[in-house]
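What follows is a set of notes on a single structure, which appears directly below.
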Amino acid sequence: MSVWQLVAVGLVMLLGLLGVLVPGIPGPLIVWAAVLWWTLSEKSSLAWVVLMGATAVLLLNQTLKWLLPVRNLRAAGAPYRALFLAGVAGIVGFFVIPVIGGPLCAIGGLYLLERIRLGSHGDAWASTRTALRAIGLSVLIELFACLLVVGAWTGAVAAG
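Read in order, the letters of the sequence shown are residues 413 to 572 in my numbering.
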């Protein structure tokens with residue numbers, strides 16, 4: 413694989429890492445696709461081991477990402493309907509106010525729905541914070557998994 417191809421794979425991985433932080437961009441899938449691209453071009457046993465490891469780590473990431481926050485969201489008492497509607501508000505907000513409207517409208521929508529449901533500002537804000545912490549933990553888990561994959565790829569490229 414040429415140096416330019418390695419740089420391109422690295423840039424795709426960087427896009428995947430940024431995709432973890434931006435809602436709507438499938439960061440782990442982009443990182444995995446970059447590893448697959450490198451593996452199919454490299455065709456070495458080390459490349460296949462890195463691809464298998466990346467697949468395992470990212471599948472475990474998906475499992476953890478969906479299992480861990482559920483407990484925290486249930487503890488907050490936020491109904492799934494409110495979370496869904498907050499997500500819809502985030503999608504609409506993303507297009508109304510490009511990029512920053514997504515998270516702003518999602519958080520604002522969740523707070524508003526919790527305020528209607530719970531009645532007081534304090535309870536609604538506590539429920540919203542708990543939900544955001546759970547979502548934040550999910551993003552951190554996803555980012556860590558992607559960083560592990562990128563680190564393994566970097567080590568494999570450096571090794572040979």
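The beta carbon of each residue, even a glycine, is placed where N, CA and C say it ideally should be.
Here's the rule I'm using: 16 or more other beta-carbon atoms within 10 Å means buried, otherwise exposed. How should residue i be labelled?
{"i": "Trp416", "result": "exposed"}
{"i": "Pro510", "result": "exposed"}
{"i": "Leu472", "result": "exposed"}
{"i": "Trp478", "result": "exposed"}
{"i": "Gly521", "result": "buried"}
{"i": "Ile512", "result": "exposed"}
{"i": "Gly505", "result": "buried"}
{"i": "Ala468", "result": "exposed"}
Output the distance between the C-alpha atoms of residue i and residue j, rounded to the nearest integer angstrom.
{"i": "Val432", "j": "Pro438", "result": "7 Å"}
{"i": "Val561", "j": "Leu458", "result": "14 Å"}
{"i": "Trp537", "j": "Leu530", "result": "10 Å"}
{"i": "Cys558", "j": "Leu470", "result": "7 Å"}
{"i": "Gly514", "j": "Ser456", "result": "42 Å"}
Mind reading off the beta-carbon distance from residue i to residue j? Whole number of angstroms is fine, and I expect it under 8 Å.
{"i": "Ile519", "j": "Thr540", "result": "7 Å"}
{"i": "Leu524", "j": "Leu480", "result": "26 Å between Cβ atoms; not a contact."}
{"i": "Val443", "j": "Gly422", "result": "11 Å between Cβ atoms; not a contact."}
{"i": "Leu418", "j": "Val569", "result": "6 Å"}
Identify, in the order they occur along the chain, each residue of the same chain with its Cβ nearer than 6 Å to the Cβ of residue i, setting aside the five sequence neighbours on each side.
{"i": "Gln474", "result": "none"}
{"i": "Val424", "result": "Ala446"}
Tell me, please, whether the CB atom of residue i is closer than 8 Å to any CB atom in chain B?
{"i": "Ala564", "result": "Annotation note: the requested chain B is absent from the structure, which comprises a single protein chain."}
Enumerate in chain order the residues of its own chain whose CB-to-CB distance from residue i is below 8 Å, with the five nearest sequence positions on each side excluded.
{"i": "Gly499", "result": "Ala518"}
Using a threshold of 7 Å, is the CB atom of residue i nearer than that to any non-hydrogen atom of the ligand COA?
{"i": "Leu530", "result": "No copy of the ligand COA appears in this structure; indeed no ligand is present at all."}
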